[in-house]
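Report on one structure; see the data block that follows.
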Amino acid sequence: MMLKRFLSIPTLHLVRNMSSGKGNLVLTSSKDRIFYISINRPEKKNCVNHETALELIKAFSQFEADDSCDIAIFSGEGGTFCAGYDLSEVAQGKFPQGPEAAEFLSKYRFMGPSMMRLSKPLIAAIEGFAVAGGFELSLLADMRVASEASQFGVLCRRFGVPLLDGGTIRLPAIVGFSRAMDLILTGRQIDAKEAYNWGIVNRLSPPGKTLKVAEELARDIIRHPQACLRVDRDSAYNATFDAKDYQSAFDFELNNGIPVLDEATRGAGRFIRKEHKL
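Throughout the sequence shown, residue numbering follows the working numbering, covering 1 to 278 in sequence.
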């Protein structure tokens with residue numbers, strides 16, 4: 001079953017030990033079964049430093065543990081999603097190093113939650129730039145809603161900074177190998193329309209309206225029976241990233257789906273009784 005199979009969120013003892021206790025770098029709230037996570041460094045174009053990465057890990061772990069929320073929306077304050085890691089801190093050597101860093105990086109990554117396998121859906125609501133590590137963070141989401149004025153790209157290529165937060169793993173899975181190489185090797189910037197045509201972006205919105213469109217999408221997802229939805233989502237992740245072959249993907253899908261057949265029986269009954277509109 002999904003909850004036994006899925007890659008669990010690590011404990012937060014290391015994060016608590018490394019955090020200096022600064023707050024408000026990441027804003028969280030919840031309403032109507034939607035959990036909201038927003039990077040709050042607008043003066044830095046929401047570039048992530050180590051402290052922000054720790055706060056993001058806490059926020060995503062809080063969402064994962066919150067049974068009152070079925071989905072999360074991930075955004076950035078001040079008209080920018082995230083322009084990557086804070087290179088001013090990299091230039092000063094202010095990033096995880098040494099034995100403690102090795103333990104941290106065995107569970108997380110420089111941008112924070114990049115290695116997390118959430119058991120519930122995540123939507124990224126993107127205004128402005130989602131570039132470099134910020135682009136990688138956006139790929140953590142199941143779906144992306146983007147402003148028509150937003151920009152994407154592996155801009156860290158221009159400065160000799162490697163992709164360390166899942167970009168080389170998730171981007172080829174989303175757009176295919178050749179298009180992934182186009183972005184990874186050239187470091188070029190693409191606009192929202194091209195990102196939409198490539199399948200990076202799922203919904204386009206007018207500038208300033210991405211959160212509203214993301215909320216509408218979230219409500220569409222929430223209205224469905226959640227146990228079955230999460231099982232199918234988990235099976236899709238397994239087939240994409242974990243399954244060793246075709247047969248093992250089918251086996252996982254079957255074993256993952258059987259435990260929620262009670263929900264399927266109830267749903268079929270509602271359909272036969274015409275209690276549920278298509």
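For each residue, glycine too, the CB sits at the ideal point set by N, CA and C.
Bear in mind the structure is a predicted one, so any value in this text is a computation, not a measurement.
Item                                                                                                                                                         : Value
If you check the beta carbons only, do alanine 279 and leucine 204 fall under 8 Å apart?                                                                     : For the chain, the structure presents residues 1 to 278; residue 279 sits outside this window and is missing.
Taking only runs of the alpha helix (DSSP H) that begin and end inside the region 164-245, which ones reach a length of at least 4 residues, in chain order? : 167-175, 177-186, 192-198, 210-222, 226-237
Mind checking who alanine 130 pairs with in its DSSP beta bridge?                                                                                            : Cys82, Phe152
CA-CA distance, lysine 44 and serine 248?                                                                                                                    : 45 Å
What are the boundary residues of the alpha helix (DSSP H) that serine 61 is part of?                                                                        : 50-65
Under the three-state reduction of DSSP, which class applies to glycine 21: helix, strand or coil?                                                           : Unreliable placement is indicated for glycine 21, whose pLDDT of 44 sits below 50; no coordinate value is reported for it.
Out of His224, Glu215, Val175, which one is the CA nearest neighbour of valine 145?                                                                          : Glu215
Sort out for me which residues DSSP pairs alanine 124 with in a bridge.                                                                                      : Phe74, Arg144
Taking the straight line between their C-alpha atoms, what separation do you get for alanine 243 and proline 206?                                            : 38 Å
Let me know if glutamine 92 comes out buried or exposed under the rule of 16 or more other beta-carbons within 10 Å of its beta-carbon.                      : exposed
Do isoleucine 71 and lysine 120 come within 8 Å of each other at the CB atom, strictly closer than that value?                                               : yes
In the DSSP assignment, find the unbroken beta strand (DSSP E) run with valine 161 in it and report its ends.                                                : Neither: valine 161 is in no beta strand (DSSP E) and is coded neither H nor E.
Run the CB neighbour count on tyrosine 246, radius 10 Å, all protein chains shown included, and call it buried at 16 or more, exposed below.                 : exposed
Nearest-angstrom Cα distance between isoleucine 222 and arginine 33?                                                                                         : 8 Å
For serine 68, name the three-state secondary structure that DSSP assigns.                                                                                   : coil
According to the neighbour-count rule (16 or more other Cβ atoms, all chains shown, within 10 Å of its Cβ), is lysine 212 buried or exposed?                 : exposed
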